[in-house]
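The sequence shown lines up with residues 489 to 678 when you count with my numbering.
Note that CB positions come from ideal geometry on N, CA and C, so glycine has one too.
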Amino acid sequence: MEIIFYLATACLIFFMILAAYDGFYLHIFKYGLFNHKESIFEHKTHTIRAILFPFIIWSLFINESNSDLFLFGISLVVFDLVILGIDAYSEKESRNFMGGLPKWEYIIHLFSNAFHFSAIVLVLALKIEITGSSLTFVSEIVASSAQGLFAFVSINVIPGAIILAILHFILLLDTPRARWNNLRAKITCC
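Below you can see the structure in the form of structure tokens.
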């Protein structure tokens, strides 16, 4: 069981690194997807996924005793998958302003989502037990250093995820978007 915690922790860390690079640096800072008419829909799908992510972390990764919250988390993952499909379907038209989605960014999306959903699947493997013909939520997981590391990383992911979700959301609004663009125009690097 310890190896599953270590793998889930690694997947979560790799996802957060790629998601921060892609979601903040590329989408918001460099390309400003929220500023382009053809990519505003993509920005909205990213906003929904950014809002869902802290709730998924809380309900699946951190929650240790509430089976209803766990089921809610699973429903959020299903919704996240639907939004991901919509996002991927619309991405080609969304990037017309820049000549299409660069292949290297497409690869980042593949790895980012692979790590994201791998972490989720590993958590499901830890917290669901098959007994006979039924699935049971496992609320008693033996504490270990691997479990402690996983809990530590999961809890510490939430503040950054919330900040990124808020940033995505406020950039949909005219005044914050204008202020961001004003600040961004003053930065000449990157």
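Handout entry: Same chain, Cβ closer than 6 angstroms to residue 658, neighbours up to 5 away in sequence not counted
Key = 664
Handout entry: Bounding residues of the alpha helix (DSSP H) (the contiguous stretch that carries residue 616)
Key = Careful: residue 616 lies outside any alpha helix (DSSP H), inside the beta strand (DSSP E) at 616-619.
Problem - From 538, 642, 530, 500, residue whose alpha carbon lies closest to that of residue 585 - result: 530
Exercise for the section: With DSSP collapsed to three states, give me the class of residue 676. Expected result: The answer is coil: DSSP assigns residue 676 none of H, G, I, E or B.
Problem - Beta-bridge partners of residue 623, as assigned by DSSP - result: 618
Exercise for the section: Please report the Cβ distance between residue 561 and residue 544, rounded to the nearest whole angstrom; I am assuming they are in contact, meaning their Cβ atoms lie under 8 angstroms. Expected result: 6 angstroms
Exercise for the section: Starting from residue 653, trace the alpha helix (DSSP H) both ways and give me its first and last residue. Expected result: Start and end: 633-658.
Handout entry: Exposure label - residue 504; buried when at least 16 CB within 10 Å
Key = buried
Problem - Inter-residue Cα distance where the pair is residue 500 and residue 675 - result: 31 angstroms
Practice task
Check whether the segment 510-519 touches the segment 605-615, taking contact to mean three or more Cβ pairs, one atom from each stretch, closer than 8 angstroms.
Solution key: no
Problem - C-alpha gap between residue 567 and residue 604, whole angstroms - result: Linking residue 567 to residue 604 through their CA atoms gives a straight-line distance of about 14 angstroms.
Practice task
Give a yes or no on contact between the segment 590-606 and the segment 636-649, applying the rule of three or more CB pairs nearer than 8 angstroms.
Solution key: no
Practice task
Mark residue 667 as exposed unless 16 or more other C-beta atoms lie within 10 angstroms of its C-beta, in which case mark it buried.
Solution key: exposed
Exercise for the section: Would you give the residue range spanned by the alpha helix (DSSP H) that residue 532 belongs to? Expected result: 528-544
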